[in-house]
């Protein structure tokens, strides 16, 4: 189906991938690699203001729809046809739709008998929300605009369209106390208790996402006001190699060519694969250098005791016999650098002013 919108995974990829930590580096020569600990970071950046930068981040919260969506998804295997009510968030619906641009149906915009889980984000923004509240058998027009850009069909980017949608049926699980008991959760044996459990867990995640976004926005704000020199070539090459190896692995996992996966992950139409990777590596090197310079100014460091504690924790989490066994499989220098960068990110997030 052509009107589905793809997920952007670039942010998650950048954090885990470019660090190059878990890449078997413990078994290869890393003597020629350059890290932020190998030079004075302040020699490569003129820092902008970084204390108390103003950022715009929405306060964390959990809606009733989010709770419904989570619960219905948990028990989706028990979904059965329902009647006598309107479509809600999390419902599994069966729809027909026809999309028109200036009154004319466009390619890929028409289908019959399509299954849509409302709230799944499968369609362009606003489509699924438009189905909420519909009755079985009802037909309605949903006025929308395609995202700009819209890579699946650039001719539709930003264009106003009308989708004529018919709701054929609704399926949803009938969540009962018995189903909840089957989850085996401690002190959570009724639907009411489970709703509270889901709300609390979603709120914890929302708060974690809020803190992450604060860090991201604060880093971006400082980066925008800072001035950079060319980063050390050895550092850029290291980051490029890490990114190349990881993107290649991800591409193989999904049965794609690296160029295809880059298009998916980074929403990019780069013509030169190597040039694109080099540019991403350079941008990451600049960011690492900026954060390392802030760490130097603020006396932020990573002690050997902290590192050893992390190694022990990771070894236990991933089933290694010992911290030393875990260390043998990773690039310790990259891990040390990553921990320092994370501390600097946290510092910026904690000191940012949310508008």
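In mature numbering (1 follows the signal peptide of the UniProt record, and there is no 0), the protein residues as written are -24 to -1, 1 to 331. Ideal placement from N, C-alpha and C gives every residue a C-beta, glycine not left out. Note that this is a predicted model, so its numbers are computed, not measured.
Cβ shell of residue i (< 7 Å), same chain only, five flanking positions each side left out
| i | result |
| --- | --- |
| residue 220 | 253 |
| residue 288 | 299 |
| residue 269 | 17, 18, 21, 23 |
| residue 108 | 63, 64, 65, 94 |
| residue 125 | 133 |
Residue environment, residue i, which counts as buried when at least 16 other CB atoms sit within 10 Å
| i | result |
| --- | --- |
| residue -6 | A caution first: residue -6 carries a pLDDT of 48, below 50, which makes its placement in the model unreliable, though a value can still be read off. Classification for residue -6: buried. |
| residue 180 | exposed |
| residue 57 | exposed |
| residue 323 | buried |
| residue 156 | buried |
| residue 229 | exposed |
| residue 295 | exposed |
| residue 307 | buried |
| residue 43 | buried |
| residue 161 | exposed |
| residue 136 | exposed |
| residue 260 | buried |
Start-to-end residues for the beta strand (DSSP E) that takes in residue i
| i | result |
| --- | --- |
| residue 57 | 55 to 58 |
| residue 86 | 80 to 93 |
| residue 249 | Here residue 249 belongs to no beta strand (DSSP E); instead the alpha helix (DSSP H) covers 249 to 274. |
| residue 77 | 68 to 77 |
Given residue i as reference, the closest of the options once Cα atoms are compared
| i | options | result |
| --- | --- | --- |
| residue 333 | 147, 148, 165 | Since the first residue of the chain shown is -24 and the last is 331, residue 333 is not available in this structure. |
| residue 326 | 26, 16, 13 | 26 |
| residue 77 | 271, 127, 117 | 117 |
| residue 280 | 293, 292, 313, 264 | 313 |
Same chain, Cβ closer than 6 Å to residue i, five either side skipped, listed in chain order
| i | result |
| --- | --- |
| residue 328 | 29, 31, 190, 194 |
| residue 213 | none |
| residue 331 | 30, 32 |
| residue 202 | 21, 23, 24, 266 |
Boundaries of the alpha helix (DSSP H) in which residue i is found, first to last residue
| i | result |
| --- | --- |
| residue 41 | 40 to 50 |
| residue 219 | 209 to 229 |
| residue 10 | Element bounds for residue 10: n/a, residue is neither H nor E. |
| residue 283 | 280 to 293 |
Chain-order list of residues whose beta-carbon lies under 8 Å from that of residue i (same chain, five-residue window excluded)
| i | result |
| --- | --- |
| residue 38 | 175, 178, 179, 182 |
| residue 318 | none |
| residue 96 | 104 |
Identify every run of the alpha helix (DSSP H) within the segment 143 to 185, keeping only runs that are complete inside it and at least 4 residues long; order them along the chain.
-> 153 to 157
Could you name each continuous alpha helix (DSSP H) segment of 4 residues or more that falls completely within the segment 93 to 140, going from the start of the chain to the end?
-> 103 to 107
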